[in-house]
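The sequence shown begins at 0 in numbering that gives the first Met the number 0 and counts up by one. We treat Cβ as the ideally placed atom computed from N, Cα and C, and that holds for glycine. These figures come from a predicted structure and were not determined experimentally. Working notes, structure below.
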Amino acid sequence: MRNIVLRASIAVVFALSGASPGHAQQRQLCVTIDDLPCASCPSGAAETVNDSLLNVLERHRVQACGFVNEGKLIVRNEFDSAGYRALAHWVMRGQELGNHTYGHVSANNRTVPEYEADVLRGEQRTRPLMIAHGKELRYFRHPYLNAGSTPAHRDSLNTMLTGHGYIIAPVTFDNDEYVFAFCYLRAVQEQDSAAIARIGAQYIAYMDSVIRFHETRTHDLLGRDIPQILLLHANLLNAHHLDALLTMLEGRGYRHVSLDEALRDPAYRLPEATTPHGISWIRRWEVAAGRLPPWPPEPPEEIMKAYELGQRNRAPR
Ligand SMILES: [Zn+2]
């Protein structure tokens, strides 16, 4: 019975989209950037990293959404005014900001009231900043893409977030870019120019493979393209390589759309499986439809090993 309902939902998606399998259409992409003001950045570099990202976004005519952890504005017990200026630049330059919780906490191991407290603490500066520029704080992105540990927990979280006026921002082009970002920052700090060049090239090749993977999964499930939502982070890797990444994506036929435009697609109203892992919404829809899809490609082994070793040697956050 459940499968019949799910198949019917997918059929409705086809009908509403007007698309048929194999129908050639321009692909659409929404760029989202998490962990603002900065993750995997040199100390004190938040403003320059974000200005670099904003320059590239403007050059490619991208209407992006940046998701903020306001807890990152406190550095060594001091308010980081450069980090706050970085957020202000996003708003002043016409980009959207969303809430990503104060402390980058996982919903999966918190009660709804605990999570709600962190969500509300995470909008104290962002909401007034948006209002001061005539904008509304509308979007919320779950840290680690953890959206609730059970269907009942997820539904309670959704009710809480909706009650505060938030729209949950899903991700379809999920990826392990943060692994490359960690290794890249280390290479920059060690002034290892060979590693800097190698990791940059591996990053773009990896993203190409992950994007192709998710395109295939989308077609396998829905028989058409959908407006895809890409997850990236505010980091030095993207400050240096976002231009190459967007150029690669545009070469695959993507034009940029806002989160608002992307979410109009009926695919984003398909049933979602609850998952202990932060995974692409495409996989959540596939699992909800009774499928067991393959896992996406992983970063090269040498990158994974360097990341894991670095994490082991790192002081706990
Ligand atoms: Zn995050």
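Practice problem: Given a cut-off of 7 Å, decide if Asp33 and His163 are closer than it, judged by their beta-carbon atoms. | Solution: Residue mapping note: residue 163 aligns to position 164 of the sequence shown, counting from 1. Residue mapping note: residue 33 aligns to position 34 of the sequence shown, counting from 1. Taking 7 Å as the cut-off, the Cβ atoms of His163 and Asp33 do not count as close.
Exercise. Enumerate in chain order the residues of its own chain whose CB-to-CB distance from Asn312 is below 7 Å, with the five nearest sequence positions on each side excluded.
Key: Counted from its first residue, the sequence shown places residue 312 at position 313. Counting only Cβ-Cβ distances below 7 Å, and skipping sequence neighbours, we find nothing.
Quiz item: Which residues share a DSSP beta bridge with Phe139?
Solution: Stepping through the sequence shown from its first residue, residue 139 is reached at position 140. Answer is Asn98 and Ile167.
Quiz prompt | Cβ-based neighbour list, Arg26, same chain, cut-off 6 Å, excluding 5 preceding and 5 following | solution = Mapped onto the sequence shown, residue 26 falls at position 27. Once the five neighbours on either side are set aside, the close Cβ partners of Arg26 are Asp224, Gly252 and Tyr253.
Exercise. Would you check if the distance between the CB atom of Tyr306 and the CB atom of Leu236 is smaller than 7 Å?
Key: Position 307 of the sequence shown, counting from 1, holds the residue named residue 306. Position 237 of the sequence shown, counting from 1, holds the residue named residue 236. Against a cut-off of 7 Å, the Cβ pair of Leu236 and Tyr306 comes out as no contact.
Practice problem: Determine the closest residue to Val67 out of Asp259, His59, Ala38 and Met91, with distance taken between C-alpha atoms. | Solution: Residue numbering aside, residue 67 sits at position 68 when the sequence shown is read from its first letter. Looking at the Cα atoms, Ala38 is the closest of the given residues.
Quiz item: Rounded to a whole number of angstroms, what is the C-alpha to C-alpha distance between Ile203 and Arg92?
Solution: On the sequence shown, position 204 is the one that residue 203 refers to. On the sequence shown, position 93 is the one that residue 92 refers to. Approximately 27 Å between the Cα atoms of the pair.
Quiz item: How many Å lie between Val118 and Gln310 at the Cα?
Solution: For the purposes of this step, residue 118 is taken as the residue at position 119 of the sequence shown. For the purposes of this step, residue 310 is taken as the residue at position 311 of the sequence shown. Rounded to the nearest angstrom, the two C-alpha atoms are 27 Å apart.
Quiz item: Residues bridged to Cys29 by DSSP?
Solution: Counting from 1 along the sequence shown, the entry for residue 29 is found at position 30. Cys29 is bridged to Ile228.
Self-check item: Environment of Gly65 [buried if 16+ CB atoms lie within 10 Å]
Solution: Sequence index remark: in the sequence shown, residue 65 carries index 66 (1-based). Buried is the call here.
Quiz prompt | CA-to-CA distance, Lys304 to Pro298, given in whole angstroms | solution = Taking the first residue of the sequence shown as position 1, residue 298 is located at position 299. Taking the first residue of the sequence shown as position 1, residue 304 is located at position 305. C-alpha separation (whole angstroms): 10 Å.
Practice problem: Within the same chain, show all residues whose beta-carbon is closer than 8 Å to that of Glu57, passing over the 5 residues directly before and after it, in chain order. | Solution: In the sequence shown, counting from the first residue as 1, residue 57 sits at position 58. Excluding residues within five positions, the ones whose Cβ falls inside 8 Å are Arg92.
Quiz item: Is it true that the CB of Thr273 sits closer than 7 Å to the CB of Pro150?
Solution: Residue mapping note: residue 150 aligns to position 151 of the sequence shown, counting from 1. Residue mapping note: residue 273 aligns to position 274 of the sequence shown, counting from 1. Contact annotation: Pro150 and Thr273 have beta-carbon atoms nearer than 7 Å.
Quiz item: Straight-line CA distance for Glu301 to Tyr165?
Solution: Numbered from its first residue, the sequence shown carries residue 301 at position 302. Numbered from its first residue, the sequence shown carries residue 165 at position 166. Distance between the alpha carbons of Glu301 and Tyr165 is about 40 Å.
Practice problem: Determine the DSSP secondary structure at Asp34, reduced to helix, strand or coil. | Solution: Here the question's residue 34 lines up with position 35 in the sequence shown. Asp34 falls in the strand class under three-state DSSP.
Quiz item: Within the structure, which residues are defined as neighbours of ligand 1 by a Cβ-heavy atom distance below 5 Å, reported in chain order?
Solution: Taken from the N-terminal end onward, the list reads Asp33, Asp34 and Pro142.
Quiz item: Which whole-angstrom value is the C-beta distance of Asn107 and Gly43, which I expect to be below 8 Å?
Solution: Counted from its first residue, the sequence shown places residue 107 at position 108. Counted from its first residue, the sequence shown places residue 43 at position 44. With a contact defined as Cβ atoms closer than 8 Å, Asn107 and Gly43 miss out at about 33 Å.
Quiz item: To the nearest whole angstrom, what separates the beta carbons of Cys29 and Ser279, a pair I think is in contact under 8 Å?
Solution: Mapped onto the sequence shown, residue 29 falls at position 30. Mapped onto the sequence shown, residue 279 falls at position 280. Going by Cβ atoms, the distance from Cys29 to Ser279 rounds to 14 Å, so no, they are not a contact pair.
Practice problem: Spell out a yes or no on whether the segment 260 to 274 and the segment 211 to 230 are touching, meaning 3 or more CB-CB pairs, one atom from each, closer than 8 Å. | Solution: Touching, yes.
Quiz prompt | Neighbour-count burial assignment, His240, 16 or more Cβ in a 10 Å radius | solution = Indexing the sequence shown from 1 puts residue 240 at position 241. Sixteen is the threshold: when 16 or more other Cβ atoms of the shown chains lie within 10 Å of the Cβ of His240, as they do, the residue is buried.
Quiz item: Looking at C-alpha atoms only, which residue of Asn157, Asn49 and Ala266 is the closest neighbour of Trp284?
Solution: Numbered from its first residue, the sequence shown carries residue 284 at position 285. Measuring from the Cα of Trp284, the nearest candidate turns out to be Ala266.
Practice problem: May I have the straight-line CA-CA distance separating Phe179 from Ile195, to the nearest angstrom? | Solution: Against the sequence shown, residue 179 aligns to sequence position 180. Against the sequence shown, residue 195 aligns to sequence position 196. For Phe179 and Ile195, the distance between alpha carbons rounds to 10 Å.
Quiz item: Ile210: buried (16+ other C-beta within 10 angstroms of its C-beta) or exposed?
Solution: What you label residue 210 is simply residue 211 of the sequence shown in a count that begins at 1. Flag for Ile210 reads buried.
Quiz item: For the beta strand (DSSP E) that contains Cys64, what are its first and last residues?
Solution: Walking along the sequence shown from the start, residue 64 turns up at place 65. Unbroken beta strand (DSSP E) run through Cys64: Cys64 to Val67.
Self-check item: Given Thr158 as reference, the closest of Pro127, Asp191 and Glu115 once Cα atoms are compared
Solution: For the purposes of this step, residue 158 is taken as the residue at position 159 of the sequence shown. Here the closest residue by C-alpha is Glu115.
Practice problem: Could you tell me if Arg198 is buried or exposed, where buried requires 16 or more neighbouring beta carbons within 10 angstroms of its beta carbon? | Solution: In the sequence shown, the residue the question calls residue 198 occupies position 199. Here residue 198 turns out to be Ile, not Arg, going by the sequence shown. Per the 10 Å Cβ criterion, buried.
Quiz prompt | Three-state secondary structure assigned by DSSP to Val178 | solution = On the sequence shown, position 179 is the one that residue 178 refers to. In the structure shown, Val178 sits in a helix (DSSP, three-state: H, G or I).
Practice problem: Report back the beta-carbon spacing between Leu96 and Leu53 to the nearest angstrom; my notes put them in contact at under 8 Å. | Solution: Sequence index remark: in the sequence shown, residue 96 carries index 97 (1-based). Sequence index remark: in the sequence shown, residue 53 carries index 54 (1-based). With a Cβ gap of about 12 Å, Leu96 and Leu53 do not count as contacting.
Quiz item: Pick from Leu291, Asn145 and Gln123: whose alpha carbon is nearest that of Val328?
Solution: Within the shown structure, residues of the chain are numbered from 0 to 316, placing residue 328 beyond reach of any answer.
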